[in-house]
Amino acid sequence: MIKNIIFDFGQVLLNIDPQLSARAFTRLGVRDGIDFWGSRSSSEILIDLEKGAITPDDFRTSVLGKLIPGVTAQQVDDAWNALLLDLPAGRVEKLKSLGALYRVFLLSNTNQIHYDCYMERFQKEFGYGLGKLFEKLWFSHQIGLVKPDPEIFLYVLNDGGLKPEETLFIDDTLVHVEAARTVGINAWHLKSGTDICDLL
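Under the numbering used here, the first residue of the sequence shown is numbered -5, with each subsequent residue one higher.
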């Protein structure tokens, strides 16, 4: 019997469009967006940022080195945050209703720059903090672990006092879903075009 639901954030609750950031960085001088985002060095920097292993300033400095002269740190942040869209009110209401029936949690691979942006936006739009919708929030940059490492799921089970067989995890990335299953968590792969409001 499911008693706990753990939600991913981006594309499950918060709408995102990474292409918007890619285009924003292209306007700032990135010649090859695929190379910029897909190179091994860039991937390592992004993972380190999500783990909290490097600071936002470290990230900005690295990115500024790939852009045209004169670009500011604020422009880097704006381009990086361009992918963050809205959290529909219908999903917020769904979370409230689920919270009356289940223990509800959030587990997200994210970083301090995005975190600061969407937390502020949510507070302004809804008049209360995102944390009010969940019993607990786990953000990768704060706990030093990222999906799909199975260790992150063991961490949340222990930290939340959760039994895997009583827990449902919902994520839009298949490898994350598969990793959750390896530690005994029930997991749903939320496919593109499907909304949690239609599933729960």
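For glycine and all other residues, C-beta sits at the position ideal for the given N, C-alpha and C.
(message) Does Thr7 come out as helix, strand or coil in the three-state DSSP assignment?
(response) The sequence given here has Leu at residue 7, not Thr. Three-state result, Leu7: coil.
(message) My output table needs one value for Phe128: the three-state DSSP class, helix, strand or coil.
(response) DSSP places Phe128 in the coil class of the three-state scheme, outside both helix and strand.
(request) Go ahead and label Asp153 buried or exposed: buried means 16 or more other beta carbons lie within 10 angstroms of its beta carbon, across all protein chains shown. (result) Burial state of Asp153 is exposed, judged by a 10 Å Cβ sphere holding fewer than 16 other Cβ atoms.
(request) Look at the alpha carbon of Asp62 and the alpha carbon of Cys191, and state the distance between them as a whole number of angstroms. (result) The sequence given here places Ile at residue 62; Asp does not occur at that position. If you draw a straight line from the Cα of Ile62 to the Cα of Cys191, it is about 43 Å long.
(message) I'd like the list of long-range same chain contacts for Lys90, defined as Cβ closer than 8 Å, with 5 residues on each side in sequence excluded.
(response) Closer than 8 Å at the Cβ level, and outside the excluded window around Lys90, lie Leu127.
(message) How far does the beta strand (DSSP E) with Val98 in it extend, from its first residue to its last?
(response) Start and end: Arg97 to Ser102.
(request) Measure the C-alpha to C-alpha separation of Tyr109 and Lys130 and round it to an integer number of angstroms. (result) Looking at the two C-alpha atoms, the distance is approximately 15 Å.
(message) Taking the beta carbon of Val140 as the centre, do at least 16 other beta carbons fall within 10 Å, making it buried, or is it exposed?
(response) Buried, because 16 or more other Cβ atoms sit within 10 Å of the Cβ of Val140.
(message) Going by beta-carbon coordinates alone, are Pro142 and Ala94 separated by less than 8 Å?
(response) Taking 8 Å as the Cβ cut-off, Pro142 and Ala94 do not qualify as a contacting pair.
(request) Identify whether Asp192 lies in helix, strand or coil by the three-state DSSP scheme. (result) Helix.
(message) Restricting to Cα atoms, I'd like to know which of Ser102, Asp42 and Phe120 is closest to Glu87.
(response) When only C-alpha atoms are compared, the closest one is Phe120.
(request) Note down, one range per segment and in chain order, each beta strand (DSSP E) of at least 3 residues found wholly within the stretch 68 to 124. (result) The beta strand (DSSP E) runs lying completely inside the stretch 68 to 124 and spanning 3 residues or more are 97 to 102, given in chain order.
(message) Would you say the beta carbon of Val57 is closer than 7 Å to some non-hydrogen atom of the ligand COA?
(response) Because no ligand of any kind appears in the structure shown, any question about the ligand COA cannot be addressed here.
(request) Under 8 Å Cβ to Cβ from Glu160, same chain only, skipping five residues before and after it: list those, please. (result) Excluding positions up to five away in sequence, the list reads Met(-5), Ile(-4), Lys(-3) and Asn(-2).
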